[in-house]
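As structure tokens, the structure follows; a few thoughts come after it.
2 protein chains.
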Amino acid sequence: MKRKSLEGDICAIARTLDVIGDWWSLLIVRDALGGLRRFNEFQQHLGVAKNILTTRLKALVEHGILQLAPASDGTAYYEYVPTPKGRALLPALVALAQWGDDYLFDADEACNVPVDSASEKPLKKLKLVAQDGRELAVTDVRMTRTA
Amino acid sequence: MKRKSLEGDICAIARTLDVIGDWWSLLIVRDALGGLRRFNEFQQHLGVAKNILTTRLKALVEHGILQLAPASDGTAYYEYVPTPKGRALLPALVALAQWGDDYLFDADEACNVPVDSASEKPLKKLKLVAQDGRELAVTDVRMTRTA
DNA sequence: GCTATCCGGTTCCATTATTAAACCAGATTG
DNA sequence: CAATCTGGTTTAATAATGGAACCGGATAGC
Numbered sequence: 001m002k003r004k005s006l007e008g009d010i011c012a013i014a015r016t017l018d019v020i021g022d023w024w025s026l027l028i029v030r031d032a033l034g035g036l037r038r039f040n041e042f043q044q045h046l047g048v049a050k051n052i053l054t055t056r057l058k059a060l061v062e063h064g065i066l067q068l069a070p071a072s073d074g075t076a077y078y079e080y081v082p083t084p085k086g087r088a089l090l091p092a093l094v095a096l097a098q099w100g101d102d103y104l105f106d107a108d109e110a111c112n113v114p115v116d117s118a119s120e121k122p123l124k125k126l127k128l129v130a131q132d133g134r135e136l137a138v139t140d141v142r143m144t145r146t147a
Numbered sequence: 001m002k003r004k005s006l007e008g009d010i011c012a013i014a015r016t017l018d019v020i021g022d023w024w025s026l027l028i029v030r031d032a033l034g035g036l037r038r039f040n041e042f043q044q045h046l047g048v049a050k051n052i053l054t055t056r057l058k059a060l061v062e063h064g065i066l067q068l069a070p071a072s073d074g075t076a077y078y079e080y081v082p083t084p085k086g087r088a089l090l091p092a093l094v095a096l097a098q099w100g101d102d103y104l105f106d107a108d109e110a111c112n113v114p115v116d117s118a119s120e121k122p123l124k125k126l127k128l129v130a131q132d133g134r135e136l137a138v139t140d141v142r143m144t145r146t147a
């Protein structure tokens, strides 16, 4: 059965998931932000079926998250390059990484998370901040709910 | 075909998606953090098929994101309550909401995002911060890649 | 220029995932 | 006590995913 569409949802999270919630989509964005560009780079790195990768890349291009550009090595091929809209997904990827690091890895287990390019160190934990600058705890945040 | 397992992945994002990347999972967490507790509340609010909801709730309980507690109204039923591990997914939900708000809604369109309970206002944009306190741009962050 | 390999898909098939709806037993309500 | 609610379970149809073969154009090496 075709998935329920969330594209008209009033909730921003739901709409976002409608765009990037398919299996593999966010990992493709991760890899594009990590510098992968060519179809076979994504395919080999992710180990994803080529027909699925084709479908996902097409959707990400259509949603303006990636764009096609001529390959930078001068060949006739194309590359998939993140757009500013695509790059704006980085905080979400960082948040997912930080949660995974905290809860899904043993203390002595190697774990890849986004790092500060200059220092090669992981980023500080994301903080939830109110408009007036107060730092918020989870309990200070309300998930507004569809009316 | 059974989805590829990402549970042994060295990348924290991938492992997180292995746990909460199934269709509906994050929206269930959103609703649980928003106060929904009972099976039929989730089901009616999400409009999800009951057999899928059953499967998802069970998985979220097994992963320690939600826990079962006796219903607070004294009946023999149970409620699904977020654990600290589950609540720690809030920054990821906020990040997804902020991206969706920025890119998937028109300026005059009603849009639900997490808000500060006290002021009822949306949170400030999440910031990426280095260990030494420097605020980082997207280009200052490196997505480390599986070796 | 030719051959072999690479590249980026497309197609096909089998298994799993999702939706929709019917069914059901226990719990609750009036 | 009967009707309704609750939280599932089961069934069937369609979509999604993985695996692999196929394919035409591009590239590389001789």
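In order, the protein sequence lines correspond to chains W and P.
Counting from 1, one number per residue, gives the positions in the first sequence under this note's numbering.
Counting from 1, one number per residue, gives the positions in the second sequence under this note's numbering.
Backbone N, C-alpha and C define an ideal beta-carbon position, used for all residues, glycine too.
Quick caveat: nothing in here was measured; it's all calculated off a predicted structure.
Buried/exposed call for residue i, threshold 16 Cβ in 10 Å
{"i": "LEU136 of chain W", "result": "buried"}
{"i": "THR16 of chain P", "result": "buried"}
{"i": "ALA147 of chain P", "result": "Because the pLDDT of ALA147 of chain P is 34, which lies under 50, any placement of that residue in the model is unreliable, and the question is left without a value."}
{"i": "MET1 of chain P", "result": "exposed"}
{"i": "ALA130 of chain W", "result": "buried"}
{"i": "ASP73 of chain W", "result": "exposed"}
{"i": "ALA95 of chain P", "result": "buried"}
{"i": "GLY8 of chain P", "result": "exposed"}
{"i": "ARG3 of chain P", "result": "exposed"}
{"i": "ALA110 of chain P", "result": "exposed"}
{"i": "ALA14 of chain P", "result": "buried"}
Per-residue DSSP class, three states only, for residue i
{"i": "GLN67 of chain W", "result": "strand"}
{"i": "VAL113 of chain P", "result": "coil"}
{"i": "ARG37 of chain P", "result": "coil"}
{"i": "VAL48 of chain P", "result": "coil"}
{"i": "TYR103 of chain W", "result": "helix"}
{"i": "ARG30 of chain P", "result": "helix"}
{"i": "LEU17 of chain P", "result": "helix"}
{"i": "GLU120 of chain W", "result": "coil"}
{"i": "LEU53 of chain W", "result": "helix"}
{"i": "LEU7 of chain W", "result": "The sequence as given places Glu at residue 7 of chain W; Leu does not occur at that position. Residue state, collapsed to three classes: coil."}
{"i": "ARG87 of chain P", "result": "helix"}
{"i": "LEU126 of chain P", "result": "coil"}
{"i": "VAL141 of chain P", "result": "strand"}
Rounded distance between the beta-carbons of residue j and residue i, thought under 8 Å
{"i": "LEU53 of chain W", "j": "PHE42 of chain W", "result": "6 Å"}
{"i": "ASP140 of chain P", "j": "ALA118 of chain W", "result": "7 Å"}
{"i": "LEU123 of chain W", "j": "LEU128 of chain P", "result": "6 Å"}
{"i": "TYR78 of chain P", "j": "LEU66 of chain P", "result": "At roughly 11 Å, the Cβ-Cβ gap does not stay under 8 Å, so TYR78 of chain P and LEU66 of chain P are not in contact."}
{"i": "VAL113 of chain W", "j": "GLN98 of chain W", "result": "7 Å"}
{"i": "LYS50 of chain W", "j": "GLY64 of chain W", "result": "Actually they do not touch by this definition, with Cβ atoms about 23 Å apart."}
{"i": "ASP102 of chain W", "j": "ARG56 of chain W", "result": "Not quite, the Cβ-Cβ distance comes to about 28 Å (not below 8 Å), so this is no contact."}
{"i": "ALA12 of chain W", "j": "PHE39 of chain P", "result": "The pair is not a contact, with the Cβ atoms about 25 Å apart (cut-off 8 Å)."}
{"i": "THR144 of chain W", "j": "VAL115 of chain P", "result": "6 Å"}
{"i": "LEU6 of chain P", "j": "TRP24 of chain P", "result": "Contact doesn't hold; Cβ gap of about 18 Å is too wide."}
Listed by chain order, chain W residues near residue i by CB distance under 7 Å
{"i": "SER117 of chain P", "result": "ASP140, VAL141, ARG142"}
{"i": "LYS152 of chain P", "result": "Since the displayed chain P opens at 1 and closes at 147, residue 152 of chain P lies outside it and no answer follows."}
{"i": "LEU126 of chain P", "result": "PRO91, LEU126"}
Listed by chain order, chain W residues near residue i by CB distance under 8 Å
{"i": "THR16 of chain P", "result": "LEU96, ALA97, TRP99, GLY100, LEU104"}
{"i": "ILE10 of chain P", "result": "ALA110, CYS111, ASN112"}
{"i": "ARG52 of chain P", "result": "Note on identity: in this sequence residue 52 of chain P is Ile, with Arg being the wrong assignment. Neighbours of ILE52 of chain P on chain W: none; closest Cβ ~10 Å, over 8 Å."}
Partners in chain P for residue i, counting only beta-carbon separations shorter than 9 Å
{"i": "ALA107 of chain W", "result": "Under the 9 Å cutoff, chain P gives no residues; its nearest Cβ is about 14 Å from ALA107 of chain W."}
{"i": "VAL61 of chain W", "result": "Correct list: empty, because the minimum Cβ distance to chain P is about 15 Å."}
{"i": "ALA88 of chain W", "result": "GLN98, TRP99, ASP102, TYR103, VAL138"}
Partners in chain P for residue i, counting only beta-carbon separations shorter than 7 Å
{"i": "ILE28 of chain W", "result": "Those within 7 Å of ILE28 of chain W in chain P number zero; the least Cβ separation is about 11 Å."}
{"i": "VAL129 of chain W", "result": "LEU123, LYS124"}
{"i": "LEU33 of chain W", "result": "MET143"}
{"i": "GLY21 of chain W", "result": "TRP23"}
Within chain W, the residues that residue i reaches when beta carbons sit closer than 9 Å
{"i": "GLY47 of chain P", "result": "LYS4"}
Legend entry - Contact between the region 84-92 of chain P and the region 20-36 of chain P (3+ Cβ pairs under 8 Å): Touching, yes, given that three or more Cβ pairs across the two stretches are closer than 8 Å.
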